[in-house]
Amino acid sequence: MDELLNNAPCGFLSFADDGRVLKVNRTLLGWLGRAAAEVLGSHFETVLPPGGRIFYQTHFFPLLKLHGRAEEVYFSLRSAAGSDVPVLANAARAERDGAAVNDCVFVPMRQRRRFEDEILSAKREAEEANRVKDELIEELSTPVIKVWSGALLVPVIGRLKRERADLMMAALLRAVIDRRARVVIIDLTGARAMDSDVVRHLSDAAAAVRLMGAECVLTGIGASFARTLVRAGVELTGVEVRRTLADGLVFAMQKSQN
Amino acid sequence: MSSDILRRNNVKVSGRGTRPILFAHGFGCDQNMWRYVAPEFEDDYRVVLFDYVGSGKSDMSAYDPKKYSTLGGYAEDVLDICEALRLRDVVFVGHSVSGVVGMLASIREPESFSRLVLVGPSPCYINDPPDYRGGFERADIEGLLDLMDKNYIGWASFLAPVVVKNPERPEIARELEESFCSTDPRVARRFAEATFLADNRGDLARVRVPSLIMQCSDDAIAPPEVGEYLSRHLPGSTLRVLEATGHCPHMTHPEETVRVIREYLGAEVSRQARP
Numbered sequence: 001m002d003e004l005l006n007n008a009p010c011g012f013l014s015f016a017d018d019g020r021v022l023k024v025n026r027t028l029l030g031w032l033g034r035a036a037a038e039v040l041g042s043h044f045e046t047v048l049p050p051g052g053r054i055f056y057q058t059h060f061f062p063l064l065k066l067h068g069r070a071e072e073v074y075f076s077l078r079s080a081a082g083s084d085v086p087v088l089a090n091a092a093r094a095e096r097d098g099a100a101v102n103d104c105v106f107v108p109m110r111q112r113r114r115f116e117d118e119i120l121s122a123k124r125e126a127e128e129a130n131r132v133k134d135e136l137i138e139e140l141s142t143p144v145i146k147v148w149s150g151a152l153l154v155p156v157i158g159r160l161k162r163e164r165a166d167l168m169m170a171a172l173l174r175a176v177i178d179r180r181a182r183v184v185i186i187d188l189t190g191a192r193a194m195d196s197d198v199v200r201h202l203s204d205a206a207a208a209v210r211l212m213g214a215e216c217v218l219t220g221i222g223a224s225f226a227r228t229l230v231r232a233g234v235e236l237t238g239v240e241v242r243r244t245l246a247d248g249l250v251f252a253m254q255k256s257q258n
Numbered sequence: 001m002s003s004d005i006l007r008r009n010n011v012k013v014s015g016r017g018t019r020p021i022l023f024a025h026g027f028g029c030d031q032n033m034w035r036y037v038a039p040e041f042e043d044d045y046r047v048v049l050f051d052y053v054g055s056g057k058s059d060m061s062a063y064d065p066k067k068y069s070t071l072g073g074y075a076e077d078v079l080d081i082c083e084a085l086r087l088r089d090v091v092f093v094g095h096s097v098s099g100v101v102g103m104l105a106s107i108r109e110p111e112s113f114s115r116l117v118l119v120g121p122s123p124c125y126i127n128d129p130p131d132y133r134g135g136f137e138r139a140d141i142e143g144l145l146d147l148m149d150k151n152y153i154g155w156a157s158f159l160a161p162v163v164v165k166n167p168e169r170p171e172i173a174r175e176l177e178e179s180f181c182s183t184d185p186r187v188a189r190r191f192a193e194a195t196f197l198a199d200n201r202g203d204l205a206r207v208r209v210p211s212l213i214m215q216c217s218d219d220a221i222a223p224p225e226v227g228e229y230l231s232r233h234l235p236g237s238t239l240r241v242l243e244a245t246g247h248c249p250h251m252t253h254p255e256e257t258v259r260v261i262r263e264y265l266g267a268e269v270s271r272q273a274r275p
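Just so you know, the protein sequences line up as chains B and R, in that order. Anchor point for the first sequence: position 256 equals 256 in our numbering, and the numbering is continuous, going up by one each time. Anchor point for the second sequence: position 156 equals 156 in our numbering, and the numbering is continuous, going up by one each time.
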């Protein structure tokens, strides 16, 4: 091997399609703590940890064979002492002496690995936090509370969008059946602005509740909601409306006693 | 429905024969893995190639994390394809983990399959001392998952949105595809877990379709002991040790792979009596 390549500040290794190592430079042997005779002729896999062997067989080699090259592939090389050297590998296929060979260049990346480990663990934490948050939001977005036997309360808090209104309606109708509700209070005191689409959805929900044999009371309708109702031309026929939640509860109590 | 499945699994049918031969790729790649082997069967067979949902050019929107977290989900893909193409007496050729997938599919619907050809199969990759040596410890598999995470770093946050947002620029997707055969890193990771943490030794005795175990010499993923274990426990199986080394004889030694499959299919194998 060319002395320049032999001592170049990168690892170099060439292997045949059956994995036999054909060439290896001094730099790489230094990292591996092995003599040339140990590595030459043995399988490339012998300088990889077990997980890396699977990766070599299932990803690295097929990629190299199918596309003729592989770039910026992360690997760990295993030294004779059993420690791992994290490297980035570039590889290309070539033909020498009538046979296909796979030439690989390795650059160690110890510093970078630490950095990437941190990124990965931050990413995992973020994904987990997101998942917990999503669950919590979904739970919070569709609470159906039993006030007393036969009476349910659905407090709508924050911005009500189409998807959330869908979830809410489904949860409410399920609860009306499961808990044999006779009266349902949908309280909008904590609701923020909603569009006419959602308003129509709410009035549909109220109609559906009535179809299932329960009364529906809307409470806590603020000025902006009232304006949207009027603008959307939605008439809340058959739906009881009370100004405050307290008034709604009084109504529900009367209905429950009947 | 059937055309949905064919699109979902990127099913490709070719060949001039009538008897179906279905090639199933292993973990880490897609149907391209068969490009040196499958064409050799086109004269005599109806050749069917596909990608599992989550791999290759399958429909990613059909990916169900729960379904594909066990090998049973992948077996469903195989059965769906058989049904969509109304395949009977299929010769199933599965590489690596697809060997087990084929076994599971054949247990569910033995009538659909005539032979199973298992290329580098393993019913369990993890050692279970003292009686079973799969070749790996759990920590080794963690090492693989770590390696995959590192190689896919930034994919989800950076490249995925780029691809999704640039359907008019297919070269970006192609570049990605070339960088790794399978696409979404979370999908690849789940496939790796489903593959390497599975233990299907208990299913072997339930297989009723005759099978060929193609054991490579010097295969780090499926060592010779695993091939021997399989031939002892898989009813109606024939063990062939290949001269090919490594885990991908269909890529490294396609001629031998084709020859051995042909020899097996040519030989009469008495079908196990069904219970």
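Even glycine gets a Cβ: it sits at the ideal position worked out from N, Cα and C.
Following the continuous alpha helix (DSSP H) through residue i, name the residue where it begins and the one where it ends.
i	result
S2 (chain R)	S2 to R8
L242 (chain R)	First-last for L242 (chain R): S237 to T245, but that is the beta strand (DSSP E), not the alpha helix (DSSP H).
Y74 (chain R)	L71 to A84
M169 (chain B)	R162 to D178
F196 (chain R)	P185 to F196
I21 (chain R)	Counting along the chain, I21 (chain R) falls outside any alpha helix (DSSP H), though it belongs to the beta strand (DSSP E) covering P20 to A24.
V230 (chain B)	A223 to A232
E256 (chain R)	P254 to G266
Cβ closer than 8 Å: which chain R residues qualify as neighbours of residue i?
i	result
K133 (chain B)	Within 8 Å Cβ-Cβ: nothing; K133 (chain B) doesn't reach chain R, min ~17 Å.
G11 (chain B)	Residues of chain R passing the Cβ test: none, with the nearest at roughly 17 Å.
Would you say residue i reaches chain R, if we count a Cβ-Cβ gap shorter than 8 Å as a contact?
i	result
D103 (chain B)	no
D197 (chain B)	no
D2 (chain B)	no
L32 (chain B)	no
H59 (chain B)	yes
F106 (chain B)	no
F251 (chain B)	no
F55 (chain B)	yes
Does residue i come within less than 8 Å of chain B when only Cβ atoms are used?
i	result
N32 (chain R)	yes
L85 (chain R)	no
I126 (chain R)	no
L147 (chain R)	yes
V18 (chain R)	Before going on, a small fix: residue 18 (chain R) reads as Thr here, not Val. For T18 (chain R), the answer is no, since every Cβ of chain B falls outside 8 Å of its Cβ.
D4 (chain R)	no
F136 (chain R)	yes
A220 (chain R)	yes
D140 (chain R)	yes
How far does the beta strand (DSSP E) with residue i in it extend, from its first residue to its last?
i	result
G82 (chain B)	Segment: none, G82 (chain B) is in no beta strand (DSSP E) and carries neither H nor E.
F15 (chain B)	G11 to A16
G94 (chain R)	V90 to H95
E45 (chain B)	Per DSSP, E45 (chain B) belongs to no beta strand (DSSP E) and is neither H nor E.
E3 (chain B)	Run containing E3 (chain B): none in the beta strand (DSSP E); it sits in the alpha helix (DSSP H), E3 to N6.
M214 (chain R)	S211 to S217
V48 (chain R)	R46 to L49
V13 (chain R)	K12 to S14
Can you tell me whether DSSP reads residue i as helix, strand or coil?
i	result
R69 (chain B)	strand
F115 (chain B)	helix
V132 (chain B)	helix
N127 (chain R)	coil
D204 (chain B)	helix
R232 (chain R)	helix
L188 (chain B)	coil
I157 (chain B)	coil
I221 (chain R)	coil
P108 (chain B)	strand
I145 (chain B)	strand
Y152 (chain R)	coil
A214 (chain B)	coil
Below 6 Å CB to CB, which residues in the same chain sit around residue i once its five sequence neighbours on both sides are set aside?
i	result
G102 (chain R)	F92, G94 and L116
D187 (chain B)	P155, T219, G220 and L245
Residues of chain R with CB under 9 Å from residue i, in chain order?
i	result
P62 (chain B)	G28, C29, N32, M33, C181, C248 and M251
L120 (chain B)	D146, D149, K150 and I153
Name, please, each residue of chain B whose Cβ falls closer than 8 Å to the Cβ of residue i.
i	result
G143 (chain R)	P49, P50, G51, G52 and S76
What residues of chain B sit near residue i, judged by a beta carbon separation below 7 Å?
i	result
S150 (chain R)	The sequence as given places Lys at residue 150 (chain R); Ser does not occur at that position. Result: Y74 and E116.
Identify, in the order they occur along the chain, each residue of the same chain with its Cβ nearer than 7 Å to the Cβ of residue i, setting aside the five sequence neighbours on each side.
i	result
A16 (chain B)	L22, A99 and V101
P65 (chain R)	R190
R179 (chain B)	K146 and L152
Taking 8 Å as the limit between beta carbons, can you name the residues of its chain near residue i, skipping five residues before and five after?
i	result
L133 (chain R)	Position check: residue 133 (chain R) holds Arg in this sequence, whereas Leu was assumed. So the qualifying residues of the chain are N127, P223, E225 and V226.
Give me the chain B residues within the contact set of residue i, using Cβ-Cβ distance strictly less than 9 Å, ordered along the chain.
i	result
A24 (chain R)	The contacting residues do not exist; A24 (chain R) stays about 14 Å from chain B at best.
T257 (chain R)	Residues of chain B passing the Cβ test: none, with the nearest at roughly 13 Å.
T245 (chain R)	D18, G19, R20 and H43
Which bits of chain R does residue i rub up against, with CB to CB less than 7 Å?
i	result
F15 (chain B)	Within 7 Å Cβ-Cβ: nothing; F15 (chain B) doesn't reach chain R, min ~11 Å.
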